[in-house]
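Trainee: Sharing a structure below in structure tokens format, with a few things to ask.
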Amino acid sequence: MYQKFKTSIAYTKNLFVTGAISQSCRSVEIEICRYIPKEDHKIIVEFGMGHGNITREILNNMAPNSKLYAFEVNKSFCDHVCESITDERLVIINDGAENIKKHIQEEVHSVIASMPLSFFSKEKQVGIIQDVYDVLANDAYYTHSLYSKIPFKKFQKIFDSCYIEKIKDNIPTAYVYHCKKVQ
Ligand SMILES: C[S@@+](CC[C@H](N)C(=O)[O-])C[C@H]1O[C@@H](n2cnc3c(N)ncnc32)[C@H](O)[C@@H]1O
Numbered sequence: 032m033y034q035k036f037k038t039s040i041a042y043t044k045n046l047f048v049t050g051a052i053s054q055s056c057r058s059v060e061i062e063i064c065r066y067i068p069k070e071d072h073k074i075i076v077e078f079g080m081g082h083g084n085i086t087r088e089i090l091n092n093m094a095p096n097s098k099l100y101a102f103e104v105n106k107s108f109c110d111h112v113c114e115s116i117t118d119e120r121l122v123i124i125n126d127g128a129e130n131i132k133k134h135i136q137e138e139v140h141s142v143i144a145s146m147p148l149s150f151f152s153k154e155k156q157v158g159i160i161q162d163v164y165d166v167l168a169n170d171a172y173y174t175h176s177l178y179s180k181i182p183f184k185k186f187q188k189i190f191d192s193c194y195i196e197k198i199k200d201n202i203p204t205a206y207v208y209h210c211k212k213v214q
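Under our numbering, the first residue of the sequence shown carries the number 32, and numbering increases by one thereafter.
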């Protein structure tokens, strides 16, 4: 409880970058991990790690020999997770989602995101969605939790199959976008 309170203070202090005053609720943590592949040797990417609540859930859902690359722009959030999660499968990248191609040359089997995409310029939003599509394996999912349904059309223009799960437990209501690449 005390840790959640500390996380809320850290997110609120950085509101224009975090886009949130508290971490995602338990239902979002579960829903966002729906399509994480459980098979061996998979590459998973997270955007917007924050204090690592979803990071933990991803690690709990993936195989012991898979790898998670977690992107986070805030250095102190990276340091926090580095100190609080000890797991050899986790690689923390202190950089933005928009630079995914700079850091990852392998084929990716799942992308999980919770950064505030709506705050970005249209060009940056479309650039990230397209880059994710490019690096994803066939039949893999890009799942993004947002507080708005407005950016959904941008995902539909690039991805082959998309739907939204509404999570009312979250404050504010969260919309988890599940977008699949089918080639
Ligand atoms: C709403 S918080 C989500 C934290 C946590 N994953 C959760 O769901 O509770 C959004 C996070 O995205 C990070 N962020 C913002 N812009 C980013 C970007 N371009 N690339 C990666 N992370 C970014 C923020 O610093 C913040 O930690």
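Note that CB positions come from ideal geometry on N, CA and C, so glycine has one too.
On the criterion of 16 or more Cβ atoms from any shown chain inside 10 Å, does Met93 qualify as buried, or is it exposed?
Mentor: buried
Trainee: Going along the chain, which residues of its own chain have a beta-carbon closer than 6 angstroms to the beta-carbon of Ala101, five neighbours each way excluded?
Mentor: Glu77, Met80, Thr86, Ile123
Trainee: Under 9 angstroms, do Ile131 and Glu88 count as touching if we go by C-beta distance?
Mentor: No, the pair does not count as a contact, with Cβ atoms beyond the cut-off.
Trainee: DSSP puts Ser58 in a beta bridge; with which residues?
Mentor: DSSP lists no partner for Ser58.
Trainee: Suppose you measure from the CA of Val104 to the CA of His140; what does that come to, to the nearest Å?
Mentor: If I take the Cα positions, the gap works out to 22 angstroms.
Trainee: Please report the straight-line C-alpha distance between Gln187 and Lys35, rounded to a whole angstrom.
Mentor: 34 angstroms
Trainee: What is the DSSP secondary structure of Cys64, reduced to helix, strand or coil?
Mentor: coil
Trainee: Tell me whether the beta-carbon of Ser149 lies closer than 9 angstroms to the beta-carbon of Ile63.
Mentor: no
Trainee: Below 7 angstroms CB to CB, which residues in the same chain sit around Ser39 once its five sequence neighbours on both sides are set aside?
Mentor: Ile52, Ser53
Trainee: Let me know the secondary structure DSSP gives Ala171 once reduced to three states.
Mentor: strand
Trainee: Do His209 and Ile195 have their C-beta atoms closer together than 9 angstroms?
Mentor: yes
Trainee: Can you give me the C-alpha to C-alpha distance between Ala205 and Glu137, rounded to a whole angstrom?
Mentor: 30 angstroms
Trainee: Looking at Val213: is its Cβ nearer than 9 angstroms to the Cβ of His175?
Mentor: No.
Trainee: Cβ of Met32 versus every heavy atom of ligand 1: is any distance shorter than 8 angstroms?
Mentor: no
Trainee: In or out: Asp165 buried (at least 16 other Cβ within 10 Å) or exposed?
Mentor: In this structure Asp165 is exposed. Its beta-carbon is surrounded by fewer than 16 other beta-carbon atoms within 10 angstroms.
Trainee: Could you pull out every unbroken alpha helix (DSSP H) segment of at least 4 residues lying fully inside the segment 67–131, listed in chain order?
Mentor: 84–92, 106–115
Trainee: Rounded to a whole number of angstroms, what is the C-alpha to C-alpha distance between Asn201 and Tyr33?
Mentor: 19 angstroms
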